[in-house]
Every structure is written in structure tokens, then in C-alpha cells.
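The structure appears right after this line, and notes come after that.
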Amino acid sequence: MDALVPVQSAGQRLPVRLVSASLHRCIGSVSIRSSVSGFAMDTRISSRAPSQFTIRAQQSDLKESLGVASSSDLKIKEWEVDMYQNELAISQGIRIRRKPPSKAPLGYTGPFELRLLNGQVADSPSNILEEITWFKDQEVSRMKELNPLEALKKAVENAPPTRDFVGALRTAHQRTGFPGLIAEVKKASPSRGILKENFDPVEIAQAYERGGAACLSVLTDQKYFKGGFENLEAIRSAGVKCPLLCKEFVVDPWQIYYARTKGADAVLLIAAILTDLEITYLLKLSKKLGLAALVEVHDEREMGRVLGIEGIELVGINNRSLETFKVDISNTKKLLEGEHGRQIREKDMIVVGESGLFTPDDIAYVQAAGVKAVLVGESLVKQNDPEKGIAGLFGKNISQT
1067 MDALVPVQSA GQRLPVRLVS ASLHRCIGSV SIRSSVSGFA MDTRISSRAP
1117 SQFTIRAQQS DLKESLGVAS SSDLKIKEWE VDMYQNELAI SQGIRIRRKP
1167 PSKAPLGYTG PFELRLLNGQ VADSPSNILE EITWFKDQEV SRMKELNPLE
1217 ALKKAVENAP PTRDFVGALR TAHQRTGFPG LIAEVKKASP SRGILKENFD
1267 PVEIAQAYER GGAACLSVLT DQKYFKGGFE NLEAIRSAGV KCPLLCKEFV
1317 VDPWQIYYAR TKGADAVLLI AAILTDLEIT YLLKLSKKLG LAALVEVHDE
1367 REMGRVLGIE GIELVGINNR SLETFKVDIS NTKKLLEGEH GRQIREKDMI
1417 VVGESGLFTP DDIAYVQAAG VKAVLVGESL VKQNDPEKGI AGLFGKNISQ
1467 T
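Numbering-wise, the numbering used here puts 1451 at position 385 of the sequence shown, and it's gapless, one number per residue.
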């Protein structure tokens, strides 16, 4: 296989010095002899921009590479690397912490000790996305033990080909004159609770397809959205032809492989929880596995970051505030004005409007702002007849029949 090597985004500005001199020298000289998600790597971790994925991938070599003499020394080094990763994320404007804050290991002395004493941070999640992210980190660790990467790679080799998610959206937009619809199969949400008591994912998916949906989004998170990968598998096995987006909170490359084995044609990457390097790597991995990637942003800073990353075809604008849960569809218009809008048109990206879309006027508003696709869940899944709900959302029948 060709090596997939994460690269630093053009123009990315990172702190010059965030760690102790000893760790700064160590990180800058660690050779990666193992692989990242199974792809051979022949590079070195840059002291300016180490990726959490590469750090995780080489944990088995960390003790030898850093010349650590004991398990306590290894724990200290790993903790300090985690702290450095947090500051790297902060430097890119990422407010979501990937892990709960932890105290320094016994025996640690260094710059982070002072920072922890002088600027204590809350040890509980600041918002629902951060809570989900912390949970996912633990959940994925458990799932990886049951489904080793090597087994997933073999399953991917025997999996049927993926369907063209991006192409389906473009075709629907051209056929109907409306944004291509990604209809969401969702039983519940943290903000709204249970949306549909009598929830049959296959029945809903089939109704969406009859109603003219170009693609489907399937929630696979069980704890917060009452979804599951079994829903994704069931919809694919039922013969639904629409390409499927695996709506999951990706914090590890392993999840991309897992989604591919369960029938996904596309995955979601959330800029609020991933660094530029991580997005770049996951894009390459997704493409290698034949998957499209929908990169989601919430604000202007995230949009600016994403536009600086090569290879993105789909950008989702979520109109829901991470802090308050309030929805404002004017967020779509704001993020597509000026230079951002010009770059999107120049790159021929498909912008997907997300959250707060309930009426034909809402669809018309975001379409005028520049979106070519919309992702809609709540307003459709709550309908007694989701097929008719699609016609009501667009103000006309958009099905092909």
C-alpha cells in the first residue's frame, strides 16, 4: 500500500514552544517504525505538529524511542504528550477537549505543573459535544478489543463497492433544482429526546428513498441518539439504493474502517473535535477506502481552517450552537459570505445546510445562501408519513416517480 503521511496545512501557525526542553527534543526526534491505522509510515513526528493519531499509533514503541527507564517515566511522558496535544488543538481554536483533564502523574515536574496550578480547568464537560467526545474515546477503546484492526482490514477487502455519495447529491440538485436531500434516520437526540417511539429504521429509510432523498444519514451512536451500527447494516441489507452516511463522532481512524465494514458510503468528520492534521489524515484514509467525507463546521474560524485543507469536497454547516443548542439558520448565510463563499465556489465544494430546516422557506433561504445539499432529520422523522414529509419540506414532490 502507498504510505499515507499526514502533512501540516499551508499557513498553519503553531506555538513555537509549549513543552519542556527535554520533551521538545524527544518529540522532535521520535522515529515512527509502526503504522498509523495499518498504513506504513516512514516519517518523523514534527516537534511543531504531532498528530494524536500518530502518537497513539506508536505507543508500543514510545518507551524504547524515548529511552524511558521505567513504567512511571513512560506514564509521565505519555501524559505530557497528551497535554501538548491539547495545547496544539487550542492553538487552532478547537474548544472541545478530547479527554477529561487529569492530574499530573506522581513525580512529574515541568511547565504544565505551573499551568495547572495557575489556571485550573473544569473536570466536567463544558457542552454536549465534549461529553460525547470523552465517551467516544472510551467506547472506541473497548470496541477495538472486540474488533481488531487486522480483522476489519480483511473485511474491507471483501466488502461490496461503495456508492457515490457526492455524485448522488450533485445529480439530485441538477434534477430537481433544489438542494440534494440527505434524510436522517434518527430515533432521538440529546436536545429533543425521543423523536419517534415506533422507530423502524428500514421502514423510514425506504420511505425517504421513495420521497426523493438523494442520500441517507444513519445515526450509529447508541448512548446519546439511540442509534446503532445494526441500523446501518439493516438499511443496506434491505436493498436501499441511496448512499449512506455513517453519522458517528469520529475520534480514531479505526472508526473509519469499522464504518466501511458496516455498509457506509460516507463518514462525518467534525472540525470542532479534530485538528487540521487529523482531518487531513482521515480524508486520505476515507478516500483510500472509497468513502466520501462530510466535514462539519459551526463557525467562521472552523470554516477558515477547513478551507485551508486540501481534498475536501463536502462541507456541512451546522446551524446549532454547541454551547446553547439554539438554532439559527442565518449562520449558513454568514459562513458563506465574502472570501469563504468565493473559495467554496472556486473549489466547487458542495455545502450542506444542517439543523433548523423545517419549511420550504427555510430551504429557499439556505439555497439562496449557496448550499447545494441539506441534511434534515427531526422535521422528517417525526412525520407519520416521512415520504409526504419530504414533499412538504420542499413545497413539491421531488421523487423520481
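Don't be surprised by glycine CBs; every beta carbon is placed ideally from N, CA and C. Nothing here was measured: the structure is a model prediction, and the numbers come from that model.
Please give the ranges of any alpha helix (DSSP H) in the stretch 1245-1299, keeping only runs that are unbroken, at least 4 residues long and fully inside the region. 1267-1277
Rounded to a whole number of angstroms, what is the C-alpha to C-alpha distance between A1337 and I1383? 11 Å
Segment limits, beta strand (DSSP E) that includes I1383: L1380 to N1384
Under a three-way DSSP split, which group does A1439 fall into? strand
Alpha carbon to alpha carbon, what distance is there between F1460 and G1404? 27 Å
Starting from the C-beta of A1457, find all residues in its chain whose C-beta is less than 6 Å away, skip the five residues before and the five after it, and write them out in chain order. N1463
Mind checking which residues open and close the beta strand (DSSP E) that includes L1335? A1332 to I1336
I believe G1329 touches E1299 by the beta-carbon criterion, under 8 Å. Please report the beta-carbon distance rounded to the nearest angstrom. 6 Å
How close, in whole Å, do the beta carbons of R1326 and V1232 come, if the pair is a contact with beta carbons under 8 Å? At roughly 16 Å, the Cβ-Cβ gap does not stay under 8 Å, so R1326 and V1232 are not in contact.
Same chain, Cβ closer than 7 Å to K1262, neighbours up to 5 away in sequence not counted: K1253, V1447 and K1448
Buried or exposed: which applies to K1313, given that a residue is buried once 16 or more other Cβ atoms fall within 10 Å of its Cβ? buried
Please confirm whether D1318 and V1206 have their CB atoms less than 9 Å apart. yes
Give me the Cα-Cα distance between L1282 and S1465, rounded to the nearest whole angstrom. 14 Å
Run the CB neighbour count on N1450, radius 10 Å, all protein chains shown included, and call it buried at 16 or more, exposed below. exposed
How would you call P1245, buried or exposed, if buried means at least 16 neighbouring beta carbons within 10 angstroms? buried
Would you please state the rounded distance, in angstroms, between the beta carbons of A1439 and I1248? I believe it to be under 8 Å. 6 Å
For chain B, check one thing: does any of its Cβ atoms lie closer than 9 Å to the Cβ of E1146? Protein chain content of the structure displayed is limited to a single chain, and chain B is not contained in it.
Measure the alpha-carbon distance for L1334 versus F1315 and round it to whole angstroms. 7 Å
Around the Cβ of K1307, are there at least 16 other Cβ atoms within 10 angstroms (buried) or fewer (exposed)? exposed
Reducing DSSP to helix, strand and coil, say where C1092 ends up. Confidence at C1092 is low in this model, with a pLDDT of 38, below 50, so the placement of that residue is unreliable and no value is reported for it.
Counting along the chain, where does the alpha helix (DSSP H) carrying V1393 start and finish? No alpha helix (DSSP H) holds V1393; DSSP gives it neither H nor E.
By the three-class DSSP mapping on this structure, what secondary structure does L1154 have? helix
Judging by CA-CA distance, which residue of P1191, L1140, I1410 and K1354 is the nearest neighbour of R1161? P1191
Touching or not, the stretch 1408-1415 and the stretch 1213-1229, by the rule of three or more beta carbon pairs under 8 Å? no
How many angstroms separate the CA atom of L1132 from the CA atom of E1153? Its pLDDT being 45, under 50, L1132 is placed unreliably in this model, and the value from its coordinates should be taken loosely. L1132 and E1153: Cα-Cα distance of roughly 21 Å.
Would DSSP call G1455 helix, strand or coil? helix
Presumed contact (8 Å Cβ cut-off) between F1424 and S1445, rounded CB distance: 4 Å
Reducing DSSP to helix, strand and coil, say where A1304 ends up. coil
Sheet register partners of V1322 (DSSP bridge): Looking at the sequence provided, one finds Ile at residue 1322 rather than Val. Partner(s): none; I1322 has no beta bridge.
Straight-line Cα distance separating M1209 from W1320: 10 Å
Using the C-alpha atoms, what's the distance from R1371 back to Y1347? 15 Å
Beta-carbon spacing of L1351, I1322 below 9 Å: yes
DSSP puts L1310 in a beta bridge; with which residues? L1282
Which class does I1194 belong to by DSSP, given the choice of helix, strand or coil? helix
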